[in-house]
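First comes the structure, then the notes that go with it.
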Amino acid sequence: MQLILRRPDDWHLHLRDGAMLQAVLPESARHFARAIVMPNLVPPVVRLADALAYRDRILAALPDDMSFQPLMTLYLTEGTDPDDVERAHASGLVQAVKLYPAGATTNSQSGVRDLGMVRAVLERMAKIGLPLCVHGEVTDPEVDIFDREAVFIDTVLDPLRRRTPGLRVVMEHVTTEEGVAYVTQGGPDLGGTITVH
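Residue 140 in the numbering used here sits at position 141 of the sequence shown, with consecutive numbering throughout.
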């Protein structure tokens with residue numbers, strides 16, 4: 000038996016905005032039917048209104064002869080409102096919320112420094128079944144770059160999951176053997192993605 004995926008889904012897509020959006024979107028839409036769109040713009044996509052506006056910009060940039068469904072995400076900040084997150088989920092537009100540790104990657108300066116500040120949001124997400132997508136690395140300069148994912152799992156992700164039972168988590172672009180082992184042994188509320196380079 001042969002299975003052919005003619006237009007698969009992209010579960011981690013950076014379309015960016017402006018000229019970059021115009022350049023990247025047609026190529027993505029040529030190959031993928033849908034994509035989870037990352038929210039780390041400047042300014043970030045933090046509220047339902049931001050996600051609606053960004054989705055409108057994406058659809059406006061889509062060539063007329065192409066089809067593509069952007070699956071929107073929100074950028075988790077220490078000021079994120081749990082009620083807005085619930086409204087975003089109920090709208091059907093927002094498929095996940097993304098956790099960026101502050102300073103970990105491109106446009107992550109608005110990310111989370113203190114997980115205690117987002118506890119109410121995470122609890123609400125667990126209650127309504129909205130997944131948390133995680134950029135899994137610590138930003139401590141004392142931690143070797145090749146150990147940052149494993150240290151993140153031990154010191155951030157595992158404690159977060161223990162404190163928030165039922166929270167659905169996707170560990171994005173897993174890069175280490177430890178990360179793969181954690182995801183494969185993590186139970187039904189934990190998944191992961193691997194980015195092909």
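Positions of the beta carbon are idealized from the N, C-alpha and C atoms, including for glycine.
- Assignment of beta-bridge partners to residue 168 by DSSP yields 131, 189.
- Where residue 57 is concerned, the enclosing alpha helix (DSSP H) starts and stops at 47-60.
- One thing to note: residue 20 has its Cβ within 8 Å of the Cβ of residue 14.
- Per the Cβ contact rule, the region 40-49 is in contact with the region 64-81 (3 or more Cβ pairs under 8 Å).
- Under the three-state reduction of DSSP output, residue 100 falls in the strand class.
- Membership of residue 20 in the alpha helix (DSSP H) is indicated by the continuous run 17-30.
- According to the DSSP assignment, residue 183 belongs to no beta strand (DSSP E) but to the alpha helix (DSSP H) extending over 176-183.
- Secondary structure of residue 76 (DSSP, three-state): coil.
- Short of 7 Å from the beta carbon of residue 127, and not among the five residues preceding or following it, lie these beta carbons of its own chain, in chain order: 85, 88.
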